[in-house]
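Trainee:
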Amino acid sequence: MMKLDFKNRIALYYLMATSVISILAFVFIYFMVKDTMYDSLDHSLSYEARKHLSEIAVVADTIYFTHKKEWEETEHREVQINPVFLQLMDTEGQIMDKSPNLKEDHLVMNHAFSGDTHYNTQLKDRPIRQTQIDIKQEGTVKGYIVAAIPIESSLMVLSNLSRTLLGLFPLTMVMLFLISRYLAGKSIRPISAIIHTTGRITKNNLGERVPLPTQKDELYDLSTSINGLLNRIEEALEREKQFTSDASHELRTPLSTLRGTLEILVRKERNISEYEENIRKSLVEVDRMSEIVEQLLFLARNGQASDPSLQQTVALAVLVDEVLSRQHKAIKAKQLRISMESNSWGNFEVPYYYGSVILENILGNAIKYSHMDGRVVIELNGDPAGCYCLVTDQGVGIKAEDLDHIYYPFFRSDYLKHKQIKGLGLGLSIARKAALAIGAKITIDSELGNWTAVRVSFDQKVS
C-alpha cells in the first residue's frame, strides 16, 4: 500500500467508510424507486383488468366484451398515450376478443403464471407490463382476461436514475475525499503544532512548551503529557548541571588542600611522624570529598519515593532513637542533655529511608550548633492532619534575614562567626529534598543567639 501521511490516511479511511454507505444508499434508492414504480403499475393494471372483468359475457364457448362504448375511451383508442391493452382468451389459448388499440397485434399469455401475477414481456419489441385473471362461471374457468400496459417511460426513468447514481457516485467520492481531507487537516493542526514545537526544542531552550489546545480533548491530554515530560527532562538536566557546578566548586578546595599536602611530602624527605600527620590530613580531605559527593548525589536524584526499596516504614520514636544513637559521640563531646517528649504519636509510621535522612540532618544541626552543656528538646506529637517532630536547641540561632535562604545549597548563616563548626551547608537542602519526596513539610523558627526550633510534619498519607 502506498505511503500516505496521517491527514490523507484519515481522509482515505473516511472515504472507504462513506463509499460503502453511499453504495448501500444508492442501491436502496434505486430498488425503492423500482419497487414503487412497479407497485403503481401493477395496481393500475389490476384495477383495469378487474374493472373490465364485470363487462364480459360468456355464452357457450364464446367470450366477449358487452360494453362496446368502453372502447371509445381515449386510453383504448390511442396507443401512444398510456393505453391499457385488453384481450380475452379461452382455456385453449384462442383469442376471443380484444381492445381496438391492439389492432393487428395480440398479447401472448404466459401459462407459467397464474392468478393475478404481474410480469414483464414485449409487444412488437416494446416492453410492457402484463397480468392475466381467470374468467370463471359457476366456479369453472371459462377463459382469461389479459391486461397489459407499456412501461417504456418507466424503464427510461429507472435507466436515467441508474446512470445518475453511477455518475454521482465518483463525483460524491471526490468531494467527500476533499472535504474529509480538509477537516482531517484542520483536526490534526494541533498535532502539527506539537511536532513543530518539539522539533524546535533543544537543550538550549528546554523552557519552551507545547501550546495547549483550547478544547480539553485527547490532543489537550497529549500536549499536557508532553509538557510534563519536558518538565521532567528539564529538571533532570538542571540537576545534572547543578551537580556538575556544585561538584566543581566544592571539590576544588579539598583537592587543592590534598595536592598541597602531597607536594609538601615529595619536596624533601621527612620523618615518619610528619608523613603520618600529612597522610591523616589527606585522609580527612578524602573523607570530606566523599561526603560532598554523597550529599551532592542525593540532591541530584529524582525527588520521588517510587522505588520499592524506599517504601519501608518505621515508628517515628524508633527512628529518632536510632538517629540519636548515631549522634552519641557528638552529643557526648558537647555534654548535651537530650529530652524526648512522646505519646502514642511516637508509633506513627514514617518512611524509613527519607525519614532517616531528614532527622539525621535536623538533629545533626541541632547538636552541631548547640552551645556546650546545652539542651535539645525533641517533641513527638500530632493532630488530625498527621504527626510532627519538633526539635528545639539552645544554640547559636539563625538571623531573621537568613531564614529565607537556609535551604539553598552551601548556604551557611553567619559562617564567619562560627567557622569552627564543620559543615558544607547542604544539610537543610538535603532534608528539604527528602521531605518533598514523601510529602512532608519542614518549618523553621529561630532567635539569634538563643534557640532554633525545627518542625517536621508528616501527613497521614505519608505513613
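Reminder that position 27 of the sequence shown reads as 1161 in this note's numbering, one-by-one numbering, no gaps.
For every residue, glycine included, the Cβ atom is placed at its ideal position computed from N, Cα and C.
The structure presented is a predicted model; accordingly, all values stated were derived computationally and were not measured.
1. Since N1499 is in the alpha helix (DSSP H), which residue starts that stretch and which ends it?
2. Name the DSSP beta bridge partners of K1575, please?
3. Quick check on the burial criterion: 16 or more other C-beta atoms within 10 angstroms. Buried or exposed for M1230?
4. Straight-line CA distance for R1297 to V1291?
5. List the endpoints of the continuous alpha helix (DSSP H) containing V1154.
6. Determine the burial state of L1220: buried for a count of at least 16 other Cβ atoms within 10 Å of its Cβ, exposed for fewer.
7. Please classify S1287: is it buried, with 16 or more other beta-carbons within 10 angstroms of its beta-carbon, or exposed?
8. Determine which residues share a DSSP beta bridge with H1252 and list them.
9. Would you kindly check if the distance between the Cβ of L1399 and the Cβ of N1412 is under 8 Å?
10. Once DSSP output is grouped into helix, strand and coil, what is the label at W1585?
11. Would you call S1359 buried or exposed, if buried means 16 or more other Cβ atoms sit within 10 Å of its Cβ?
12. For L1514 versus S1490, is the C-beta spacing smaller than 8 Å?
13. Within its chain, find whatever has a CB closer than 8 Å to the CB of N1242; leave out the 5 residues flanking it on each side and keep chain order.
14. In the DSSP assignment, what residue or residues form a beta bridge with T1526?
15. Can you tell me where the beta strand (DSSP E) holding I1279 begins and where it ends?
16. Between the alpha carbons of N1339 and A1327, how many angstroms are there, rounded?
17. Just how far apart, CA to CA, sit L1158 and V1167?
18. Using CA atoms only, rank isn't needed, just tell me which of N1584, N1499, P1485, D1536 is closest to L1570.
19. Which of the three DSSP states, helix, strand or coil, is assigned to Y1316?
20. Which first and last residues belong to the alpha helix (DSSP H) in which D1239 is found?
21. Could you check the C-alpha separation between V1448 and R1460 for me, to the nearest Å?
22. Got a sec? Which residues, its chain only, sit under 6 Å from F1160 by beta carbon, not counting five neighbours each side?
23. So is Q1528 buried or exposed if we call it buried at 16+ other beta carbons inside 10 Å?
24. Beta carbon of F1303, beta carbon of L1149: below 8 Å?
Mentor: From the atom records:
1. 1486-1502
2. S1591
3. buried
4. 10 Å
5. 1140-1187
6. buried
7. exposed
8. T1265
9. yes
10. strand
11. exposed
12. no
13. First, the amino acid is wrong: residue 1242 is Val here, not Asn. Closer than 8 Å at Cβ, skipping near neighbours: T1255.
14. V1511, A1587
15. 1274-1284
16. 17 Å
17. 14 Å
18. P1485
19. helix
20. Counting along the chain, D1239 falls outside any alpha helix (DSSP H), and DSSP gives it neither H nor E.
21. 17 Å
22. L1299
23. buried
24. no
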